[in-house]
Structure formats: C-alpha cells, structure tokens
Amino acid sequence: MLKKITISGPPGSGKSTTSSLLAQKLKVGHISAGEMFRRIAKEAELSLEELGHRAESDWHIDRELDARMLELLRKRKQGVFDGRLTGYLAHKHQIRSLKIYLDAHFDVRIQRIMNREKKDRAAVERDIRSRERSERSRYMNIYGVDLTDRSFFDLVMNSSRLLPEEIVEQIVRALTTFN
Numbered sequence: 001m002l003k004k005i006t007i008s009g010p011p012g013s014g015k016s017t018t019s020s021l022l023a024q025k026l027k028v029g030h031i032s033a034g035e036m037f038r039r040i041a042k043e044a045e046l047s048l049e050e051l052g053h054r055a056e057s058d059w060h061i062d063r064e065l066d067a068r069m070l071e072l073l074r075k076r077k078q079g080v081f082d083g084r085l086t087g088y089l090a091h092k093h094q095i096r097s098l099k100i101y102l103d104a105h106f107d108v109r110i111q112r113i114m115n116r117e118k119k120d121r122a123a124v125e126r127d128i129r130s131r132e133r134s135e136r137s138r139y140m141n142i143y144g145v146d147l148t149d150r151s152f153f154d155l156v157m158n159s160s161r162l163l164p165e166e167i168v169e170q171i172v173r174a175l176t177t178f179n
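In case it helps, full-length UniProt numbering puts the sequence shown at residues 1 to 179.
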C-alpha cells in the first residue's frame, strides 16, 4: 500500500490533526509545513501574521520552506506531509502520493482555531482572512498556483461534520483503492 500522503487545505480545516492521527495509524512520519512556519516565526520572535506579511515582500521565506518540504517529499519513501502547498508540490514534481484536500465551513474553521489558540472570534476571523489573503497572493505571485484549485487532488473532503478519526478511516479506505 502506498504510504505517501499529502494533506492540504485552509487554516482550521483539520490538516494537522488529521495528518498526525493518520501518521500514527500508518506508522509513518509526519511532516508539517505549518509547524516549520511556526518555528521560523518563533525563532524570529514574530507572530504568524507578522511573518506572513514579511513573506509577502521576502519570497525567500516561502521558497526556502517549500524547498525543504519538496526535498522531504522526494527523499522519503513514506510519510504524511501536511501544508497548504504539499499537494501542489507533489503534483507539479510528479511525486507519487495520495493528494488530499481538506476543507471545512468558515464558521467551523473559526471555532477550531478559537479552541486551539484561545483567542476571541473577532481576532481569529481577522487573522484567518488576513492570512488567506496573504497566502493566496504570495503563492499566485511565486508559483502561479491558485489555492482554491482542487483539480489535482485525488480526494477532496469536507471535514466540517466529521471527527478526525472518521476522516482518517476514509483516507485509509481511499489508500487501498488508490494503489
């Protein structure tokens, strides 16, 4: 069974939670572009929003992060790779993998992030809108990729009403038919 999976989607869609559970279930590694980005922000003593704004004018930040992810996608025989561009990178560079796009209704995504980050609704909504606008613009300018294009994904799922364990089970079933 193929054990190289990419999981992409917007903030709060469940990428990280699903990826972590799936990696545990398949007994493979988990690489998160979001965690890499958070580490960079922490090391630079910046918020995610501040680093995102800096990345709008300094494309080196995104290119370096994506180059690291691409190297890992190429090098590792198996693993769960989550991030906004992982599916696109695997598609563009013809890396055999099950490419999954997770989405969720905007209100669900806000609630998930509120729970995770312990922020109020207005702040989370503002952050999400700002972050999505920034990322959409950056990735279009840097790579010519539209983050809303789902055409190259093998599986598109709405996680709004599903438990993370249910999503993982659906992905495992998809893996058996994908091979």
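For every residue, glycine included, the Cβ atom is placed at its ideal position computed from N, Cα and C.
**Report entry** Gly-29 to Leu-70 span [Cα, whole Å]
**Finding:** 15 Å
Exercise. Within 10 angstroms of its Cβ, does Ser-151 collect 16 or more other Cβ (buried), or is it exposed?
Worked result: exposed
Using a Cβ-Cβ cutoff of less than 7 Å, which residues in the same chain neighbour Ser-13 once the five nearest sequence positions on both sides are dropped? Leu-102, Asp-103, Ala-104, Arg-109 and Ser-159
task = Quick one: give me the first and last residue of the beta strand (DSSP E) that Phe-81 is part of.
result = 79-82
Considering only DSSP beta bridges, list what Asn-158 is partnered with. Asp-103
Residue closest to Val-124, alpha-carbon to alpha-carbon, out of Pro-11, Lys-3, Ile-7 and Lys-4: Pro-11
Taking contact to mean 3 or more Cβ pairs, one atom from each stretch, closer than 8 Å, check whether the segment 16-36 and the segment 71-81 are in contact. yes
Here's a check: name, in chain order, each residue in its chain whose Cβ is nearer than 8 Å to the Cβ of Glu-35, leaving out the five neighbours to either side. Ser-16
Cβ contact (3+ pairs, closer than 8 Å) linking the segment 107-122 and the segment 34-48: no
Hey, out of Val-172, Leu-26 and Arg-54, whose CA is closest to Ile-100's CA?
Val-172
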